[in-house]
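The sequence shown runs 0 to 429 under numbering that gives the first Met the number 0. This report refers to the structure that appears directly beneath it.
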Amino acid sequence: MRRNANIQKPGHTMANSHHFSTSRNRIAIVGGGSAGISVASSLLARNRDLEIAIIEPSDVHYYQPGWTMVGGGIFQIGDTSRPMAKMIPKGVKRIQGRVASFDPANDRVMLEDGSALSYDRLIVCPGLKLNWQGVEGLSDTLGANGVTSNYRPDLAPYTWNLVQELKSGHAVFTQPPMPIKCAGAPQKAMYLSADYWRSRGRLKNISIDFCNAGGVLFGVPDYIPALMEYVKRYNANLRFGETLMRVDGPAKTAWFQKVGADGSKVVTETKFDFLHVVPPQIAPDFIRESPLADQAGWMDVDQQLLRHKKYANVYGLGDVTNTPNAKTVAAVRKQAPIVAHNLLSDLGRSRGTAIYDGYGACPLTVERGKIVLAEFGYGGKLCPTFPTTFIKGTTPTRTAWFLKAHVLPPVYWKWMLRGREWLAKPVLKA
Numbered sequence: 000m001r002r003n004a005n006i007q008k009p010g011h012t013m014a015n016s017h018h019f020s021t022s023r024n025r026i027a028i029v030g031g032g033s034a035g036i037s038v039a040s041s042l043l044a045r046n047r048d049l050e051i052a053i054i055e056p057s058d059v060h061y062y063q064p065g066w067t068m069v070g071g072g073i074f075q076i077g078d079t080s081r082p083m084a085k086m087i088p089k090g091v092k093r094i095q096g097r098v099a100s101f102d103p104a105n106d107r108v109m110l111e112d113g114s115a116l117s118y119d120r121l122i123v124c125p126g127l128k129l130n131w132q133g134v135e136g137l138s139d140t141l142g143a144n145g146v147t148s149n150y151r152p153d154l155a156p157y158t159w160n161l162v163q164e165l166k167s168g169h170a171v172f173t174q175p176p177m178p179i180k181c182a183g184a185p186q187k188a189m190y191l192s193a194d195y196w197r198s199r200g201r202l203k204n205i206s207i208d209f210c211n212a213g214g215v216l217f218g219v220p221d222y223i224p225a226l227m228e229y230v231k232r233y234n235a236n237l238r239f240g241e242t243l244m245r246v247d248g249p250a251k252t253a254w255f256q257k258v259g260a261d262g263s264k265v266v267t268e269t270k271f272d273f274l275h276v277v278p279p280q281i282a283p284d285f286i287r288e289s290p291l292a293d294q295a296g297w298m299d300v301d302q303q304l305l306r307h308k309k310y311a312n313v314y315g316l317g318d319v320t321n322t323p324n325a326k327t328v329a330a331v332r333k334q335a336p337i338v339a340h341n342l343l344s345d346l347g348r349s350r351g352t353a354i355y356d357g358y359g360a361c362p363l364t365v366e367r368g369k370i371v372l373a374e375f376g377y378g379g380k381l382c383p384t385f386p387t388t389f390i391k392g393t394t395p396t397r398t399a400w401f402l403k404a405h406v407l408p409p410v411y412w413k414w415m416l417r418g419r420e421w422l423a424k425p426v427l428k429a
């Protein structure tokens, strides 16, 4: 959705400006997703004597990792949502509005309704923007003509309907250029769909293409051998370096651009019966157009401290930052306590500096009942949470499936969003 970054006119007096009840330790949080709610709760778990406001326009809070499971027929879409009003931590003020722009030089956030919020410390975590318009014709056919995406809660159930209905034909799964949220999700959709078709004896009649704009199946080499076994099992054709450019739903046709080693560009046409699309992803407009952004439009923070490189009283976490980690909820689970600790240390309310090592996790659902649990940090370093005798992350296990399907959802709702930092206590710099 477009945001008007120029809502504040020269000489215009801000109407209905938002105020904290007092002037001490005013903390403004932009975004009420997994990052915003978690960091607010982590702050309050450390110090109740804080004034916190969350700016969030949505009425619903989603557990987004569940959408792939919805598309695979494991979860119901209702399992992945809660009313936003019930998720805001007690004692935190909610401002139901949209951010228009930032004025970090004067410690203010401008809202689209013309109001403003002043702060002492700012935490920015609005997530990223799914750029559906980045593929010509895609928005016109989503949810129809066999075109779907698990990246939207209203479309994930449609994915499952299409999977069940397909008896034969050509199934195409796409992955756009990085960065994207949950880089394993595009292939998770493929594996769960193919596993269903295999279990029903249909796979021999269905050809599968995985069109990846990147050059490798997964960014951390240690996990590729296990994933390739499933690529072979499902007889999937890997098409690397191919970016979806255009879709004609009624004609059941997609066009991909492939860039050659010499820089030449070739557009190829692909017919489909089933098309699962992952859209290109960018930072929200009000971030890209702000003083907080780097040249690529992402929020510019120190990758270890999660503090803005220019504005010392501004912090960022989650999908919006330019940190080179996987954009996953698992990353947020580790980042939120680090931001909470460092912000309070900055206020003189705690000691030491917490360091983020780039941890992220991607439970790759390779079949119904088995998962390759990829856990890694900066530089692709493996960061297993559990001993390999319990879960060996580089191989598919039923234990990892149980963790994903039955343990992580309640951990998310009842622990992470409540400031209970199970296996996520921040590590302080030596």
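The beta-carbon is built from N, C-alpha and C at its ideal position, and this holds for glycine as well.
**Spatial neighbours of residue 130 in its chain, beta-carbon cut-off 7 Å, leaving aside the 5 residues before and after** = 278, 279, 280, 281
**Item:** Cβ pair count under 8 Å reaching 3, the region 212-227 against the region 175-195
**Value:** yes
**Request:** Using only alpha-carbon positions, find the residue among 357, 327, 28, 365 that is nearest to residue 95.
**Result:** 28
**Message:** Suppose the cutoff is 6 Å on Cβ atoms and the five residues either side in sequence are ignored; what does the same chain contact list for residue 358 look like?
**Reply:** Excluding residues within five positions, the ones whose Cβ falls inside 6 Å are 333, 376, 382.
**Message:** Please report the distance separating the alpha-carbon of residue 344 from that of residue 418.
**Reply:** Residue 344 and residue 418 have their alpha carbons spaced roughly 17 Å apart.
**Prompt:** Would you call the CB atoms of residue 66 and residue 160 closer than 7 Å?
**Reply:** no
**Message:** Less than 7 Å between CB atoms is the rule here; does residue 348 satisfy it with respect to chain D?
**Reply:** Absence of chain D from the displayed structure is noted, only one protein chain being present.
**Prompt:** Which residue from 370, 275, 83 puts its Cα closest to that of residue 171?
**Reply:** With distances taken between Cα atoms, residue 171 lies closest to 275.
**Request:** Tell whether a beta-carbon distance below 7 Å holds between residue 39 and residue 54.
**Result:** no
**Prompt:** Is it true that the CB of residue 168 sits closer than 7 Å to the CB of residue 272?
**Reply:** The Cβ atoms of residue 272 and residue 168 sit closer than 7 Å to each other.
**Message:** Measuring alpha carbon to alpha carbon, tell me which residue in 196, 259, 218, 265 is nearest residue 233.
**Reply:** The shortest Cα separation from residue 233 among 196, 259, 218, 265 belongs to 196.
**Asked** Rounded C-beta distance between residue 45 and residue 349? I'm assuming under 8 Å.
**Response** By a beta-carbon distance limit of 8 Å, residue 45 contacts residue 349. Their separation comes to about 7 Å.
**Request:** Name the two residues that bound the continuous beta strand (DSSP E) containing residue 375.
**Result:** 369-375
**Item:** Whole-angstrom distance between residue 139 and residue 341, CA atom to CA atom
**Value:** Their backbone Cα atoms lie some 45 Å apart in a straight line.
**Item:** Residues near residue 335 in its chain [Cβ-Cβ closer than 7 Å; skip 5 each side]
**Value:** 34, 37, 38, 41, 316
**Message:** Can you find the residues in the same chain that come closer than 8 Å, C-beta to C-beta, to residue 433, ignoring five residues on each side of it along the sequence?
**Reply:** Outside the displayed span of the chain (0 to 429) sits residue 433, for which this structure offers no information.
**Message:** Quick check on DSSP: helix, strand or coil for residue 432?
**Reply:** With the chain represented from 0 up to 429, any question about residue 432 goes unanswered, as that position is not in the structure.
**Asked** Sorted by chain position, which residues of the same chain lie with C-beta nearer than 6 Å to residue 92's C-beta, five sequence neighbours on each side aside?
**Response** 52
**Prompt:** Just to confirm, are residue 127 and residue 313 a CB contact at a threshold of 7 Å?
**Reply:** no
**Request:** Classify residue 82 as helix, strand or coil using the three-state DSSP reduction.
**Result:** strand
**Asked** Per DSSP, residue 135 forms a beta bridge with which residues?
**Response** 245
**Message:** Using only the alpha-carbon positions, how far apart do residue 162 and residue 362 sit?
**Reply:** 21 Å
**Asked** What residue ranges within the region 174-255 form continuous alpha helix (DSSP H) runs of no fewer than 4 residues, ordered along the chain?
**Response** 184-198, 223-232
**Request:** Classify residue 434 as helix, strand or coil using the three-state DSSP reduction.
**Result:** Outside the modelled stretch of the chain, which goes from 0 to 429, sits residue 434, for which no answer is possible.
**Item:** Burial state of residue 199, where buried means 16 or more other Cβ atoms lie within 10 Å
**Value:** exposed
**Request:** Using a threshold of 7 Å, state whether the C-beta atoms of residue 49 and residue 88 are closer than that.
**Result:** With respect to residue 88, residue 49 sits apart: the two C-beta atoms are not nearer than 7 Å.
**Asked** For the candidate residues 114, 142, 32, whose alpha-carbon lies nearest to that of residue 70?
**Response** Checked all of 114, 142, 32; the closest Cα to residue 70 is 142.
**Prompt:** If we ignore side chains and look at the alpha-carbon of each, how far apart do residue 426 and residue 353 end up?
**Reply:** 5 Å
**Request:** Alpha carbon to alpha carbon, how far is residue 291 from residue 297? Give it in angstroms, no decimals.
**Result:** Residue 297 and residue 291 have their C-alpha atoms some 8 Å from each other.
**Asked** Excluding five sequence neighbours on each side, which residues of the same chain lie with their C-beta closer than 8 Å to the C-beta of residue 157?
**Response** Residues of the same chain with a CB within less than 8 Å of the CB of residue 157, apart from the 5 flanking positions on each side, are 142, 147 in chain order.
**Item:** C-alpha gap between residue 240 and residue 220, whole angstroms
**Value:** Residue 240 and residue 220: Cα-Cα distance of roughly 18 Å.
**Prompt:** Can you list the beta strand (DSSP E) stretches of 3 or more residues lying completely in the region 260-296, in chain order?
**Reply:** Scanning the region 260-296 from its first residue to its last, the whole beta strand (DSSP E) runs of 3-plus residues come out as 264-270, 273-275.
**Asked** Can you tell me where the alpha helix (DSSP H) with residue 298 in it begins and where it stops?
**Response** First-last for residue 298: undefined, no H or E at that position.
**Request:** Let me know if residue 374 comes out buried or exposed under the rule of 16 or more other beta-carbons within 10 Å of its beta-carbon.
**Result:** buried
**Prompt:** Taking Cβ positions, are residue 310 and residue 103 nearer each other than 7 Å?
**Reply:** yes
**Request:** With residue 65 as the anchor, note down where its alpha helix (DSSP H) starts and where it stops.
**Result:** 65-70
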